[in-house]
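Below, the structure is given as C-alpha coordinates:
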(Lines of atoms letter the chains of each structure in order from A and count residues from 1; the text may use other names and numbers.)
(Lines give C-alpha, C1' and ligand atoms only; values in the text may rest on other atoms or scores of the structure.)
Protein backbone atom coordinates (compact mmCIF):
# COMPACT_ATOMS: atom_id res chain seq x y z
CA UNK A 1 0.00 0.00 0.00
CA UNK A 2 2.85 2.38 0.80
CA UNK A 3 4.30 1.78 -2.69
CA UNK A 4 0.90 2.57 -4.22
CA UNK A 5 0.63 5.83 -2.26
CA UNK A 6 4.21 6.79 -3.18
CA UNK A 7 3.57 6.08 -6.88
CA UNK A 8 0.34 8.10 -6.74
CA UNK A 9 2.01 11.08 -5.05
CA UNK A 10 4.93 11.01 -7.49
CA UNK A 11 2.46 10.82 -10.39
CA UNK A 12 0.41 13.78 -9.14
CA UNK A 13 3.54 15.89 -8.63
CA UNK A 14 5.01 14.97 -12.03
CA UNK A 15 1.84 15.31 -14.09
CA UNK A 16 0.65 18.40 -12.20
CA UNK A 17 3.96 20.14 -12.86
CA UNK A 18 4.03 19.21 -16.56
CA UNK A 19 0.38 20.18 -17.13
CA UNK A 20 1.01 23.52 -15.40
CA UNK A 21 3.97 24.16 -17.71
CA UNK A 22 1.92 23.24 -20.78
CA UNK A 23 -1.07 25.40 -19.90
CA UNK A 24 1.16 28.27 -18.80
CA UNK A 25 2.60 28.29 -22.33
CA UNK A 26 -0.89 28.88 -23.76
CA UNK A 27 -1.72 31.39 -21.01
CA UNK A 28 1.45 33.48 -21.34
CA UNK A 29 1.35 33.79 -25.13
CA UNK A 30 -2.39 34.53 -25.05
CA UNK A 31 -1.85 37.44 -22.67
CA UNK A 32 1.11 38.70 -24.71
CA UNK A 33 -1.22 38.86 -27.71
CA UNK A 34 -3.90 40.79 -25.83
CA UNK A 35 -6.33 37.93 -25.31
CA UNK A 36 -8.46 37.78 -22.17
CA UNK A 37 -7.93 34.47 -20.37
CA UNK A 38 -11.08 33.62 -18.40
CA UNK A 39 -9.88 30.41 -16.69
CA UNK A 40 -6.58 28.63 -16.04
CA UNK A 41 -7.33 25.20 -14.59
CA UNK A 42 -4.99 22.45 -13.41
CA UNK A 43 -7.09 19.30 -13.33
CA UNK A 44 -10.71 18.60 -14.21
CA UNK A 45 -13.92 18.12 -12.26
CA UNK A 46 -14.80 19.69 -8.93
CA UNK A 47 -12.92 22.86 -7.99
CA UNK A 48 -10.78 22.43 -4.88
CA UNK A 49 -9.21 25.92 -4.80
CA UNK A 50 -9.65 29.00 -6.94
CA UNK A 51 -8.67 32.68 -7.01
CA UNK A 52 -8.77 35.61 -9.42
CA UNK A 53 -6.04 38.00 -10.43
CA UNK A 54 -6.42 41.71 -11.30
CA UNK A 55 -7.00 40.95 -14.99
CA UNK A 56 -10.00 38.76 -14.24
CA UNK A 57 -8.47 35.33 -14.80
CA UNK A 58 -9.78 32.61 -12.49
CA UNK A 59 -7.04 30.16 -11.46
CA UNK A 60 -8.37 26.72 -10.49
CA UNK A 61 -6.98 23.58 -8.84
CA UNK A 62 -9.47 20.80 -9.65
CA UNK A 63 -10.01 17.32 -8.21
CA UNK A 64 -8.95 15.09 -11.13
CA UNK A 65 -5.23 15.66 -11.87
CA UNK A 66 -5.24 14.18 -15.38
CA UNK A 67 -4.92 17.35 -17.43
CA UNK A 68 -5.85 20.99 -17.50
CA UNK A 69 -7.10 23.78 -19.73
CA UNK A 70 -6.92 27.48 -20.48
CA UNK A 71 -10.24 29.05 -21.45
CA UNK A 72 -10.00 32.28 -23.42
CA UNK A 73 -12.65 34.85 -24.33
CA UNK A 74 -14.13 33.73 -27.67
CA UNK A 75 -17.15 35.17 -29.50
CA UNK A 76 -18.04 31.69 -30.79
CA UNK A 77 -18.96 30.54 -27.26
CA UNK A 78 -19.26 33.76 -25.19
CA UNK A 79 -21.49 36.84 -25.45
CA UNK A 80 -18.93 39.64 -25.93
CA UNK A 81 -19.66 43.37 -25.67
CA UNK A 82 -18.35 45.41 -28.65
CA UNK A 83 -15.77 47.25 -26.51
CA UNK A 84 -14.20 43.90 -25.51
CA UNK A 85 -14.24 42.28 -28.97
CA UNK A 86 -10.53 42.94 -29.46
CA UNK A 87 -9.77 40.75 -26.41
CA UNK A 88 -11.42 37.68 -27.98
CA UNK A 89 -9.29 34.82 -29.29
CA UNK A 90 -11.28 34.43 -32.51
CA UNK A 91 -10.64 38.08 -33.50
CA UNK A 92 -6.84 37.72 -33.47
CA UNK A 93 -4.86 37.07 -36.64
CA UNK A 94 -4.16 33.50 -37.73
CA UNK A 95 -0.43 33.73 -36.83
CA UNK A 96 -1.38 35.05 -33.36
CA UNK A 97 -3.83 32.18 -32.79
CA UNK A 98 -1.27 29.67 -34.06
CA UNK A 99 1.30 31.05 -31.62
CA UNK A 100 -1.12 30.63 -28.71
CA UNK A 101 -1.96 27.03 -29.67
CA UNK A 102 1.66 26.01 -30.33
CA UNK A 103 2.88 27.61 -27.08
CA UNK A 104 1.73 24.68 -24.91
CA UNK A 105 3.82 21.95 -26.58
CA UNK A 106 6.74 24.37 -27.04
CA UNK A 107 6.63 25.12 -23.29
CA UNK A 108 6.97 21.37 -22.63
CA UNK A 109 10.03 21.16 -24.88
CA UNK A 110 11.63 24.21 -23.23
CA UNK A 111 10.91 22.73 -19.80
CA UNK A 112 12.61 19.47 -20.83
CA UNK A 113 15.69 21.44 -21.92
CA UNK A 114 15.68 23.26 -18.57
CA UNK A 115 15.35 20.02 -16.55
CA UNK A 116 18.13 18.29 -18.48
CA UNK A 117 20.36 21.38 -18.20
CA UNK A 118 19.88 21.32 -14.41
CA UNK A 119 20.84 17.62 -14.44
CA UNK A 120 24.04 18.35 -16.36
CA UNK A 121 24.86 21.24 -14.04
CA UNK A 122 24.49 18.95 -11.02
CA UNK A 123 26.38 16.15 -12.77
CA UNK A 124 25.13 12.80 -14.05
CA UNK A 125 27.07 9.65 -13.01
CA UNK A 126 27.44 7.73 -16.27
CA UNK A 127 28.54 4.22 -17.24
CA UNK A 128 30.80 4.03 -20.29
CA UNK A 129 29.15 2.09 -23.17
CA UNK A 130 31.55 -0.86 -23.27
CA UNK A 131 30.36 -4.19 -24.70
CA UNK A 132 31.27 -6.98 -22.27
CA UNK A 133 30.10 -9.88 -24.42
CA UNK A 134 27.92 -10.85 -27.36
CA UNK A 135 25.21 -13.52 -27.19
CA UNK A 136 25.88 -16.41 -29.61
CA UNK A 137 23.62 -16.63 -32.70
CA UNK A 138 22.40 -13.05 -32.17
CA UNK A 139 22.29 -10.01 -34.44
CA UNK A 140 25.38 -8.61 -32.72
CA UNK A 141 27.20 -11.94 -33.16
CA UNK A 142 26.34 -12.03 -36.87
CA UNK A 143 27.91 -8.57 -37.21
CA UNK A 144 31.05 -9.90 -35.46
CA UNK A 145 30.87 -7.15 -32.85
CA UNK A 146 34.00 -7.34 -30.66
CA UNK A 147 34.03 -7.74 -26.87
CA UNK A 148 35.57 -5.27 -24.43
CA UNK A 149 35.33 -2.33 -26.85
CA UNK A 150 33.47 0.95 -26.44
CA UNK A 151 30.64 2.10 -28.71
CA UNK A 152 31.51 5.65 -29.81
CA UNK A 153 28.94 6.26 -32.56
CA UNK A 154 25.63 4.91 -33.90
CA UNK A 155 24.99 5.61 -37.58
CA UNK A 156 27.73 8.23 -37.43
CA UNK A 157 26.18 10.09 -34.47
CA UNK A 158 28.55 10.33 -31.49
CA UNK A 159 27.36 8.69 -28.25
CA UNK A 160 28.74 8.83 -24.72
CA UNK A 161 26.37 6.61 -22.74
CA UNK A 162 23.97 3.69 -23.02
CA UNK A 163 20.90 5.93 -22.84
CA UNK A 164 21.92 7.83 -25.97
CA UNK A 165 22.52 4.50 -27.73
CA UNK A 166 19.11 3.15 -26.70
CA UNK A 167 17.36 6.32 -27.96
CA UNK A 168 19.03 5.96 -31.35
CA UNK A 169 18.36 2.21 -31.52
CA UNK A 170 14.64 2.48 -30.73
CA UNK A 171 14.39 4.94 -33.61
CA UNK A 172 15.80 2.23 -35.89
CA UNK A 173 12.94 -0.25 -35.30
CA UNK A 174 11.68 -1.24 -38.74
CA UNK A 175 14.96 -0.27 -40.45
CA UNK A 176 17.21 -2.65 -42.39
CA UNK A 177 20.46 -2.05 -40.54
CA UNK A 178 22.40 0.12 -38.12
CA UNK A 179 26.11 0.96 -37.99
CA UNK A 180 28.10 0.77 -34.75
CA UNK A 181 31.49 2.44 -34.49
CA UNK A 182 33.65 0.67 -31.89
CA UNK A 183 36.88 1.87 -30.26
CA UNK A 184 39.69 -0.39 -29.09
CA UNK A 185 40.64 0.68 -25.51
CA UNK A 186 44.36 -0.01 -26.05
CA UNK A 187 45.08 1.36 -29.53
CA UNK A 188 42.14 3.84 -29.69
CA UNK A 189 41.62 2.54 -33.25
CA UNK A 190 38.02 2.70 -34.49
CA UNK A 191 36.13 0.30 -36.75
CA UNK A 192 32.53 0.26 -37.98
CA UNK A 193 30.27 -2.81 -37.89
CA UNK A 194 26.90 -3.16 -39.61
CA UNK A 195 24.06 -4.88 -37.71
CA UNK A 196 21.36 -6.40 -39.93
CA UNK A 197 18.00 -5.49 -38.35
CA UNK A 198 15.65 -7.13 -40.87
CA UNK A 199 14.88 -9.98 -38.44
CA UNK A 200 15.03 -7.84 -35.29
CA UNK A 201 12.10 -8.41 -32.93
CA UNK A 202 12.16 -6.09 -29.92
CA UNK A 203 9.57 -6.56 -27.17
CA UNK A 204 10.24 -4.28 -24.15
CA UNK A 205 7.99 -6.48 -21.99
CA UNK A 206 10.43 -9.38 -22.45
CA UNK A 207 13.93 -8.05 -23.07
CA UNK A 208 15.99 -4.90 -22.92
CA UNK A 209 16.78 -3.35 -26.28
CA UNK A 210 20.40 -4.51 -25.92
CA UNK A 211 19.49 -8.11 -25.02
CA UNK A 212 17.23 -8.29 -28.09
CA UNK A 213 20.28 -7.53 -30.26
CA UNK A 214 22.57 -9.84 -28.32
CA UNK A 215 24.58 -7.04 -26.70
CA UNK A 216 25.73 -7.52 -23.12
CA UNK A 217 26.83 -4.16 -21.64
CA UNK A 218 29.76 -4.17 -19.28
CA UNK A 219 28.18 -3.44 -15.95
CA UNK A 220 28.07 -4.65 -12.38
CA UNK A 221 28.25 -8.44 -12.56
CA UNK A 222 25.39 -10.51 -11.14
CA UNK A 223 27.07 -13.46 -9.43
CA UNK A 224 25.47 -16.90 -9.13
CA UNK A 225 24.94 -16.35 -5.39
CA UNK A 226 21.69 -15.55 -3.58
CA UNK A 227 21.76 -12.10 -1.98
CA UNK A 228 18.07 -11.84 -1.03
CA UNK A 229 14.81 -13.78 -1.22
CA UNK A 230 11.35 -12.31 -1.74
CA UNK A 231 9.07 -13.31 1.12
CA UNK A 232 6.58 -16.00 0.11
CA UNK A 233 8.26 -16.43 -3.28
CA UNK A 234 8.95 -19.68 -5.13
CA UNK A 235 12.59 -19.38 -4.07
CA UNK A 236 11.72 -19.27 -0.38
CA UNK A 237 9.09 -22.01 -0.66
CA UNK A 238 11.58 -24.27 -2.49
CA UNK A 239 14.09 -24.00 0.34
CA UNK A 240 16.69 -21.70 -1.19
CA UNK A 241 18.71 -19.72 1.36
CA UNK A 242 20.84 -16.58 1.47
CA UNK A 243 24.38 -17.35 0.35
CA UNK A 244 23.44 -20.35 -1.80
CA UNK A 245 25.52 -20.58 -4.99
CA UNK A 246 23.93 -21.99 -8.15
CA UNK A 247 26.07 -24.62 -9.92
CA UNK A 248 23.59 -26.13 -12.38
CA UNK A 249 19.90 -25.94 -13.32
CA UNK A 250 17.85 -28.30 -15.52
CA UNK A 251 21.03 -30.21 -16.29
CA UNK A 252 22.84 -27.10 -17.58
CA UNK A 253 26.13 -26.04 -15.98
CA UNK A 254 25.77 -22.35 -15.09
CA UNK A 255 28.38 -19.72 -15.91
CA UNK A 256 26.30 -16.53 -15.77
CA UNK A 257 23.22 -15.25 -13.94
CA UNK A 258 21.34 -14.58 -17.19
CA UNK A 259 21.53 -18.31 -18.01
CA UNK A 260 19.67 -19.07 -14.78
CA UNK A 261 17.11 -16.33 -15.49
CA UNK A 262 16.42 -17.80 -18.95
CA UNK A 263 15.87 -21.30 -17.53
CA UNK A 264 13.51 -19.97 -14.85
CA UNK A 265 11.50 -17.86 -17.31
CA UNK A 266 11.13 -20.81 -19.71
CA UNK A 267 9.72 -23.15 -17.03
CA UNK A 268 6.71 -21.51 -15.36
CA UNK A 269 5.06 -23.84 -12.88
CA UNK A 270 7.46 -26.71 -13.72
CA UNK A 271 9.92 -28.28 -11.23
CA UNK A 272 13.55 -27.50 -12.12
CA UNK A 273 16.27 -29.76 -10.65
CA UNK A 274 19.04 -27.53 -9.30
CA UNK A 275 22.49 -28.16 -7.93
CA UNK A 276 23.67 -25.54 -5.44
CA UNK A 277 26.60 -25.05 -3.10
CA UNK A 278 25.69 -24.32 0.52
CA UNK A 279 28.39 -23.85 3.19
CA UNK A 280 30.91 -25.70 1.01
CA UNK A 281 28.69 -28.73 0.37
CA UNK A 282 26.62 -29.57 -2.73
CA UNK A 283 22.84 -29.69 -2.27
CA UNK A 284 20.18 -30.81 -4.78
CA UNK A 285 16.80 -29.08 -4.85
CA UNK A 286 13.70 -29.14 -7.05
CA UNK A 287 12.62 -25.51 -7.53
CA UNK A 288 9.24 -24.67 -9.10
CA UNK A 289 9.01 -21.09 -10.46
CA UNK A 290 5.74 -19.22 -10.10
CA UNK A 291 3.90 -18.51 -13.37
CA UNK A 292 3.24 -14.94 -14.47
CA UNK A 293 1.12 -13.96 -17.48
CA UNK A 294 2.87 -11.46 -19.73
CA UNK A 295 1.08 -8.76 -21.83
CA UNK A 296 1.35 -10.96 -24.94
CA UNK A 297 -0.51 -13.80 -23.16
CA UNK A 298 2.53 -16.03 -22.70
CA UNK A 299 3.45 -17.40 -19.28
CA UNK A 300 6.85 -16.72 -17.74
CA UNK A 301 8.53 -18.25 -14.73
CA UNK A 302 9.42 -16.10 -11.71
CA UNK A 303 11.58 -17.23 -8.79
CA UNK A 304 11.79 -14.17 -6.50
CA UNK A 305 15.52 -14.19 -5.82
CA UNK A 306 18.14 -11.44 -6.24
CA UNK A 307 21.83 -12.12 -6.95
CA UNK A 308 24.92 -10.87 -5.18
CA UNK A 309 26.47 -8.14 -7.34
CA UNK A 310 30.16 -7.55 -8.03
CA UNK A 311 30.61 -3.80 -8.69
CA UNK A 312 32.60 -2.41 -11.61
CA UNK A 313 35.91 -0.64 -11.25
CA UNK A 314 35.73 3.17 -10.95
CA UNK A 315 37.40 3.64 -14.36
CA UNK A 316 34.18 2.44 -16.03
CA UNK A 317 32.30 5.52 -14.80
CA UNK A 318 32.53 9.21 -15.59
CA UNK A 319 30.62 12.31 -14.54
CA UNK A 320 28.68 14.19 -17.22
CA UNK A 321 28.92 17.68 -15.75
CA UNK A 322 29.07 20.95 -17.65
CA UNK A 323 29.09 24.70 -17.15
CA UNK A 324 25.86 26.69 -17.71
CA UNK A 325 26.21 27.22 -21.48
CA UNK A 326 27.31 23.65 -22.27
CA UNK A 327 24.65 22.24 -19.91
CA UNK A 328 21.91 24.09 -21.85
CA UNK A 329 23.40 22.86 -25.14
CA UNK A 330 23.54 19.25 -23.93
CA UNK A 331 19.97 19.57 -22.63
CA UNK A 332 18.88 20.87 -26.04
CA UNK A 333 20.61 18.01 -27.86
CA UNK A 334 19.04 15.36 -25.63
CA UNK A 335 15.59 17.00 -25.90
CA UNK A 336 15.89 17.01 -29.69
CA UNK A 337 16.79 13.29 -29.59
CA UNK A 338 13.70 12.61 -27.46
CA UNK A 339 11.43 14.68 -29.75
CA UNK A 340 12.78 12.94 -32.83
CA UNK A 341 12.35 9.53 -31.22
CA UNK A 342 8.78 10.29 -30.09
CA UNK A 343 7.67 11.32 -33.58
CA UNK A 344 9.48 8.30 -35.01
CA UNK A 345 7.59 5.96 -32.65
CA UNK A 346 4.25 7.55 -33.64
CA UNK A 347 5.12 6.89 -37.29
CA UNK A 348 6.08 3.27 -36.51
CA UNK A 349 2.81 2.76 -34.62
CA UNK A 350 0.85 3.99 -37.65
CA UNK A 351 2.73 1.70 -40.07
CA UNK A 352 2.66 -1.34 -37.76
CA UNK A 353 6.41 -1.50 -37.03
CA UNK A 354 5.59 -1.12 -33.31
CA UNK A 355 2.63 -2.79 -31.62
CA UNK A 356 -0.05 -0.77 -29.79
CA UNK A 357 0.51 -3.10 -26.83
CA UNK A 358 3.52 -0.93 -25.97
CA UNK A 359 1.33 2.14 -25.34
CA UNK A 360 1.39 3.19 -21.69
CA UNK A 361 -1.30 4.90 -19.67
CA UNK A 362 -1.61 6.59 -16.26
CA UNK A 363 -0.83 3.44 -14.25
CA UNK A 364 2.50 2.87 -16.01
CA UNK A 365 3.34 6.56 -15.75
CA UNK A 366 2.55 6.48 -12.02
CA UNK A 367 4.81 3.44 -11.58
CA UNK A 368 7.55 5.15 -13.59
CA UNK A 369 7.23 8.29 -11.49
CA UNK A 370 7.42 6.32 -8.25
CA UNK A 371 10.34 4.15 -9.38
CA UNK A 372 12.36 7.11 -10.67
CA UNK A 373 11.69 9.07 -7.47
CA UNK A 374 12.99 6.06 -5.51
CA UNK A 375 16.24 6.21 -7.49
CA UNK A 376 16.90 9.85 -6.59
CA UNK A 377 16.76 13.38 -7.99
CA UNK A 378 18.66 12.72 -11.24
CA UNK A 379 16.45 9.76 -12.20
CA UNK A 380 13.25 11.69 -11.39
CA UNK A 381 14.40 14.72 -13.41
CA UNK A 382 15.22 12.44 -16.34
CA UNK A 383 11.74 10.91 -16.10
CA UNK A 384 10.14 14.39 -16.00
CA UNK A 385 12.06 15.43 -19.13
CA UNK A 386 10.93 12.31 -21.00
CA UNK A 387 7.26 12.72 -20.05
CA UNK A 388 7.38 16.46 -20.79
CA UNK A 389 8.64 15.76 -24.32
CA UNK A 390 6.02 13.03 -24.82
CA UNK A 391 3.27 15.39 -23.63
CA UNK A 392 4.43 18.02 -26.11
CA UNK A 393 4.63 15.55 -29.00
CA UNK A 394 1.24 13.95 -28.29
CA UNK A 395 -0.40 17.39 -28.22
CA UNK A 396 1.07 18.18 -31.64
CA UNK A 397 -0.60 15.17 -33.28
CA UNK A 398 -3.13 16.33 -35.92
CA UNK A 399 -6.20 15.20 -34.00
CA UNK A 400 -8.83 17.98 -33.85
CA UNK A 401 -9.28 17.59 -30.08
CA UNK A 402 -5.55 18.26 -29.51
CA UNK A 403 -3.36 21.32 -30.12
CA UNK A 404 -2.12 19.75 -33.35
CA UNK A 405 -5.68 19.53 -34.66
CA UNK A 406 -6.31 23.20 -33.89
CA UNK A 407 -3.08 24.08 -35.69
CA UNK A 408 -4.21 21.98 -38.67
CA UNK A 409 -7.46 23.97 -38.91
CA UNK A 410 -5.52 27.25 -38.66
CA UNK A 411 -3.13 26.19 -41.44
CA UNK A 412 -6.17 25.52 -43.66
CA UNK A 413 -7.53 28.97 -42.75
CA UNK A 414 -4.16 30.57 -43.52
CA UNK A 415 -4.02 28.89 -46.94
CA UNK A 416 -7.66 29.38 -47.97
CA UNK A 417 -8.32 32.75 -46.35
CA UNK A 418 -11.41 31.49 -44.52
CA UNK A 419 -11.90 29.41 -41.37
CA UNK A 420 -12.93 25.76 -41.47
CA UNK A 421 -16.71 25.52 -41.12
CA UNK A 422 -18.05 24.89 -37.64
CA UNK A 423 -19.77 21.72 -38.89
CA UNK A 424 -16.47 20.34 -40.21
CA UNK A 425 -14.73 21.29 -36.97
CA UNK A 426 -17.44 19.60 -34.90
CA UNK A 427 -17.18 16.40 -36.96
CA UNK A 428 -13.40 16.52 -36.62
CA UNK A 429 -13.64 16.93 -32.85
CA UNK A 430 -15.92 13.88 -32.59
CA UNK A 431 -13.53 11.76 -34.66
CA UNK A 432 -10.55 13.05 -32.70
CA UNK A 433 -12.27 12.32 -29.39
CA UNK A 434 -13.11 8.79 -30.52
CA UNK A 435 -9.53 8.05 -31.64
CA UNK A 436 -8.07 9.56 -28.46
CA UNK A 437 -10.46 7.64 -26.19
CA UNK A 438 -9.68 4.42 -28.08
CA UNK A 439 -5.91 4.93 -27.65
CA UNK A 440 -6.39 5.80 -23.98
CA UNK A 441 -8.46 2.64 -23.54
CA UNK A 442 -5.75 0.49 -25.15
CA UNK A 443 -3.08 2.14 -22.98
CA UNK A 444 -5.14 1.52 -19.84
CA UNK A 445 -5.71 -2.13 -20.76
CA UNK A 446 -1.96 -2.49 -21.37
CA UNK A 447 -1.32 -0.99 -17.93
CA UNK A 448 -3.69 -3.44 -16.27
CA UNK A 449 -2.14 -6.42 -18.10
CA UNK A 450 1.31 -5.41 -16.76
CA UNK A 451 0.18 -5.39 -13.12
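Residue numbers (my numbering): 3 to 453.
Each residue gets a CB set at the ideal place from its N, CA and C atoms; glycine is no exception.
Small disclaimer: the values here were computed from a predicted structure and weren't measured.
Secondary structure of residue 330, DSSP reduced to three states: Position 328 of the chain shown, counting from 1, holds the residue named residue 330. Residue 330 falls in the helix class under three-state DSSP.
For residue 82 and residue 66, the rounded distance between their alpha carbons: As a first step, residue 66 is located in the chain shown; it is residue number 64 there, counting from the start. As a first step, residue 82 is located in the chain shown; it is residue number 80 there, counting from the start. Approximately 30 angstroms, taken between the alpha carbons.
Cβ contact check for the segment 87 to 106 and the segment 52 to 65: 3 or more pairs under 8 angstroms: Result no; under three Cβ-Cβ pairs closer than 8 angstroms.
Backbone secondary structure at residue 84 - three-state DSSP: To locate residue 84, count along the chain shown from 1; it is residue 82. In the structure shown, residue 84 sits in a helix (DSSP, three-state: H, G or I).
Residue 105, buried or exposed, once every other Cβ within 10 Å from all chains shown has been counted against 16: Indexing the chain shown from 1 puts residue 105 at position 103. Looking at its Cβ environment, which holds 16 or more other Cβ atoms inside 10 Å, residue 105 is buried.
Residue of 136, 50, 433 and 124 minimising C-alpha distance to residue 326: Counted from its first residue, the chain shown places residue 326 at position 324. Checked all of 136, 50, 433 and 124; the closest Cα to residue 326 is 124.
Where residue 244 falls, given that 16 or more other Cβ within 10 Å makes a residue buried: Sequence index remark: in the chain shown, residue 244 carries index 242 (1-based). Exposed, by the Cβ-count rule.
Residue ranges of each beta strand (DSSP E) within the segment 180 to 231, 3 or longer: 192 to 198, 217 to 219 and 223 to 231
Own chain, CB closer than 6 angstroms to residue 115, minus 5 neighbours either side, in chain order: Translated into positions along the chain shown, residue 115 becomes position 113. Correct list, in chain order: 333, 334 and 337.
3 or more residues per run - each beta strand (DSSP E) lying fully within the segment 131 to 186: 132 to 136, 151 to 156 and 179 to 185
Limits of the unbroken beta strand (DSSP E) element including residue 293: Translated into positions along the chain shown, residue 293 becomes position 291. Taken as a continuous stretch (DSSP letters only), the beta strand (DSSP E) holding residue 293 covers 292 to 295.
The beta strand (DSSP E) enclosing residue 246, as first and last residue numbers: In the chain shown, the residue the question calls residue 246 occupies position 244. Segment: none, residue 246 is in no beta strand (DSSP E) and carries neither H nor E.
Buried/exposed call for residue 276, threshold 16 Cβ in 10 Å: Here residue 276 refers to the residue found at position 274 when the chain shown is read from its first residue. With 16 or more other Cβ atoms from the protein chains shown falling within 10 Å of its own Cβ, residue 276 counts as buried.
Separation of residue 173 from residue 30, as counted between CA atoms: Position 28 of the chain shown, counted from the first residue, corresponds to residue 30. Position 171 of the chain shown, counted from the first residue, corresponds to residue 173. Distance between the alpha carbons of residue 30 and residue 173: 34 angstroms.
Beta bridge counterpart(s) of residue 95 as assigned by DSSP: Here residue 95 corresponds to residue number 93 of the chain shown, with the count starting at 1. Beta-bridge annotation (DSSP): residue 95 is not paired with any residue.
Beta strand (DSSP E) segment containing residue 267, residue limits: Against the chain shown, residue 267 aligns to sequence position 265. Taken as a continuous stretch (DSSP letters only), residue 267 belongs to no beta strand (DSSP E), being part of the alpha helix (DSSP H) at 259 to 267.
Residue of 293, 288, 249 and 300 minimising C-alpha distance to residue 278: Sequence index remark: in the chain shown, residue 278 carries index 276 (1-based). Taking the Cα of residue 278 as reference, the smallest distance to any Cα among 293, 288, 249 and 300 is reached at 249.
Neighbour-count burial assignment, residue 160, 16 or more Cβ in a 10 Å radius: Reading the chain shown from its first residue, position 158 is the one you call residue 160. Exposed.
Secondary structure of residue 423, DSSP reduced to three states: Position 421 of the chain shown, counted from the start, is the residue given in the question as residue 423. Coil.
Residue 276 - partner residues in DSSP beta bridges: Your numbering for residue 276 matches position 274 in the chain shown. 251 and 287, per the DSSP bridge assignment.
Beta carbon of residue 289 nearer than 8 angstroms to that of residue 210: Indexing the chain shown from 1 puts residue 289 at position 287. Indexing the chain shown from 1 puts residue 210 at position 208. Their beta carbons are not under 8 angstroms apart, which means residue 289 does not touch residue 210 by this criterion.
Enclosing beta strand (DSSP E) for residue 60 [first to last residue]: Numbered from its first residue, the chain shown carries residue 60 at position 58. That run of the beta strand (DSSP E) goes 60 to 74.
Expected contact under 8 angstroms - CB spacing of residue 142 and residue 215 to nearest Å: Indexing the chain shown from 1 puts residue 142 at position 140. Indexing the chain shown from 1 puts residue 215 at position 213. That belief holds up - the Cβ atoms of residue 142 and residue 215 are roughly 5 angstroms apart, short of 8 angstroms.
Classification of residue 269 by the beta-carbon crowding that lies within 10 angstroms, buried from 16 upward: Indexing the chain shown from 1 puts residue 269 at position 267. That one is buried.
Cα-Cα separation, residue 7 to residue 15: As a first step, residue 7 is located in the chain shown; it is residue number 5 there, counting from the start. As a first step, residue 15 is located in the chain shown; it is residue number 13 there, counting from the start. Rounded to whole angstroms, residue 7 to residue 15 spans 12 angstroms at the Cα level.
Residues that DSSP places opposite residue 49 in a beta bridge: Along the chain shown, one-based indexing puts residue 49 at 47. Paired residue(s): 64.
Residue range of the alpha helix (DSSP H) that includes residue 413: Position 411 of the chain shown holds residue 413. Unbroken alpha helix (DSSP H) run through residue 413: 405 to 418.
Endpoints, the beta strand (DSSP E) within which residue 129 is located: Counted from its first residue, the chain shown places residue 129 at position 127. Note, residue 129: beta strand (DSSP E), 126 to 129.
Cβ-based neighbour list, residue 223, same chain, cut-off 6 angstroms, excluding 5 preceding and 5 following: The residue given as residue 223 occupies position 221 in the chain shown. If we look at residue 223 and ignore the five residues flanking it on each side, its Cβ neighbours are 312.
Neighbour-count burial assignment, residue 194, 16 or more Cβ in a 10 Å radius: Numbered from its first residue, the chain shown carries residue 194 at position 192. With fewer than 16 other Cβ atoms inside 10 Å of its own Cβ, residue 194 counts as exposed.
DSSP-derived helix/strand/coil call for residue 57: In the chain shown, the residue the question calls residue 57 occupies position 55. In the structure shown, residue 57 sits in coil (DSSP, three-state: anything other than H, G, I, E or B).
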